[in-house]
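Before any comments, here is the structure.
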């Protein structure tokens, strides 16, 4: 049994008190964690040996919106969506510090050269943006999702 003691009666009371406090703190932490609910977010963690720049895309109403850049150092993470995940599919593009793609996919969306937020994914070049292939991530409609970029993604 958790917190059982074979000590003398005077010491047993102290052990019982410590045990009660430990259980109360654990239970209290659980209540506090569940009272506030899980924080929704989409994070990207860089497990590679290179700094990466990340952009994301997602459905925004009737159109798509792309945002960037988050610079993520080696063995670092960035919360790229801090609010509720409204979309099951999040699109991710990552490049190295020289602008070469390290994670890309088949979904073409717009990218800006500097920090950006772009509504619409068509006619990127005509609107003064670059087009990049974004990798589709199926979050399976969960509240929190973390994408890990590993050295294998850089080949």
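In our numbering, the protein residues as written are 543 to 697. Every residue gets a Cβ at the ideal spot worked out from N, C-alpha and C, and that includes glycine. Please read all numbers here as calculations on a predicted model, not as lab measurements.
### Query
If we count the other Cβ atoms within 10 Å of its Cβ and call it buried at 16 or more, is residue 600 buried or exposed?
Looking at its Cβ environment, which holds 16 or more other Cβ atoms inside 10 Å, residue 600 is buried.
### Query
If you count every other CB in all the chains shown that lies within 10 Å of the CB of residue 584, and 16 or more means buried, which is it?
With a threshold of 16 other beta carbon atoms within 10 Å, residue 584 meets it and is buried.
### Task
Look at the alpha carbon of residue 638 and the alpha carbon of residue 612, and state the distance between them as a whole number of angstroms.
When rounded, the distance between both Cα atoms is 12 Å.
### Query
So, residue 651 versus residue 606, is the Cβ gap smaller than 8 Å?
In this structure, residue 606 lies closer than 8 Å to residue 651 by Cβ.
### Task
Provide the residue span of the beta strand (DSSP E) that contains residue 671, from first to last.
Run containing residue 671: none; DSSP gives neither H nor E here.
### Task
Grab me the residues of residue 664's own chain with a C-beta within less than 7 Å of its C-beta, minus the 5 sequence neighbours each way, in chain order.
Contacts found: none.
### Query
Helix, strand or coil: which one does DSSP assign to residue 618?
Residue 618 falls in the strand class under three-state DSSP.
### Query
Relative to the C-alpha of residue 617, which residue among 646, 659, 654, 592 is closest?
The candidate whose alpha carbon is nearest that of residue 617 is 592.
### Query
Do you know how far the Cα of residue 692 is from the Cα of residue 645?
Cα atoms of residue 645 and residue 692: separation of roughly 10 Å, rounded to the nearest angstrom.
### Query
So does the stretch 647 to 662 actually touch the stretch 672 to 679, counting three or more Cβ pairs closer than 8 Å?
Touching, yes, given that three or more Cβ pairs across the two stretches are closer than 8 Å.
### Message
I need the straight-line Cα distance from residue 694 to residue 640, nearest angstrom please.
### Response
Answer to the nearest angstrom: the Cα atoms are 18 Å apart.
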